[in-house]
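Reviewing the structure listed below.
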Amino acid sequence: MSFEYVIVALGFFAFCGGLIDAAVGGGGLVQVPALLHALPQHSLATVFGTNKLAVLLGNISSISGYLRRINIVWTLMLPTMISAFVFSFLGALSVSLIPKALMEYAVFVLLIAMAIHTFVRKDFGQHQGNLQHGRREILLGIFFGALLGFYDGVFGPGSGSILLFVFVRFFGFDFLNASASAKLINLGTFSAALLFFAPSGNVLWLAGGIVGLCNIAGSLTGVFLALRYGSGFIRIFFLILLLFLIGRMGLSLFF
272 MSFEYVIVAL GFFAFCGGLI DAAVGGGGLV QVPALLHALP QHSLATVFGT
322 NKLAVLLGNI SSISGYLRRI NIVWTLMLPT MISAFVFSFL GALSVSLIPK
372 ALMEYAVFVL LIAMAIHTFV RKDFGQHQGN LQHGRREILL GIFFGALLGF
422 YDGVFGPGSG SILLFVFVRF FGFDFLNASA SAKLINLGTF SAALLFFAPS
472 GNVLWLAGGI VGLCNIAGSL TGVFLALRYG SGFIRIFFLI LLLFLIGRMG
522 LSLFF
């Protein structure tokens, strides 16, 4: 496999991953397999660390795109983001202690429930509700930040999509605002993971930078599409991604 082919292939999948991640989350399910295929000589930890650098760069670019158009509920997002950051780092530290198979089955069932709920309720996430951000909502945000941050540190696939669902279901966001808010939480989880991988030398900075640039291009495209076509587009894209996640995890679990 030539170096030029590897770079072009990685660039393409990083662009697609960035686009998906910016709109509905879950881009890692495109980008990580591409990195595993392109970097077979490196350990799993190095592939994950390199991916975290790339998705962090893409995530920062998508956040900057959303911030110009979306009003973020900072009183809710900041404590949720801090909670996710702390527990993502703890999750990375605990990765060898958690039965990964058990977590895979739990997430598989959760994804099916999310898909059914989103499909049955046609108005789900189409309109922004009356957003509350009092003590109850902040505590709930800290709880979900800790739960999903820990999950992202231990396992990770689909965490951005689950966050998007949580913001719509429990906080009354529409899909557009939920997508922007999920990016902020992922900023915390990706940063924490990178702080875990980088000191141990498990980041390929050059490869991660190149993949990150393509991820940025995809992220900006994803933000443009989300802002241009709104919550209806994101809902359809979200359902398609959930079906892809369910199919992919189902094949890995049962076949």
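When we follow the numbering used here, the leftmost residue of the sequence shown carries the number 272, and every step to the right adds one.
Ideal placement from N, C-alpha and C gives every residue a C-beta, glycine not left out.
Give me the residue from the options with the minimum Cα distance to residue i.
i    : options                : result
A386 : P304, F526, R506       : R506
G429 : L382, F414, S462, L475 : L382
L447 : G420, V437, L410, S502 : S502
V295 : L281, A451, V318, Q312 : A451
N486 : A280, F468, E275       : A280
I409 : L300, T346, W476, I341 : T346
I343 : F390, G362, H404       : H404
L458 : D445, L434, A488       : L434
G416 : L306, L349, A478, A384 : L349
Using a Cβ-Cβ cutoff of less than 7 Å, which residues in the same chain neighbour residue i once the five nearest sequence positions on both sides are dropped?
i    : result
V494 : A293, S333, G336, Y337
F283 : none
L496 : A294, F504
Tell me which residue opens and which closes the alpha helix (DSSP H) that residue i is part of.
i    : result
S314 : From DSSP, S314 is part of no alpha helix (DSSP H); its letter is neither H nor E.
N448 : 446 to 468
S490 : 476 to 525
G420 : 406 to 425
V439 : 430 to 442
G362 : 345 to 364
Measuring from the CB of residue i, is there a heavy atom of the ligand COA at a distance below 7 Å?
i    : result
L306 : The ligand content of the structure shown is nil, which means the ligand COA is not present either.
Quick one: residues in its chain with C-beta nearer than 6 Å to the C-beta of residue i, no 5 flanking neighbours on either side, listed in chain order?
i    : result
V303 : N322
G420 : A355, F358, S359, T460
V326 : F461
I want to know whether the region 498 to 515 touches the region 354 to 368 - three or more CB-CB distances under 8 Å. Proximity of the region 498 to 515 to the region 354 to 368 falls short of the contact definition, fewer than three beta-carbon pairs being nearer than 8 Å.
Tell me, please, whether the region 479 to 491 touches the region 273 to 288 by the rule of three or more beta-carbon pairs shorter than 8 Å. Yes, they touch.
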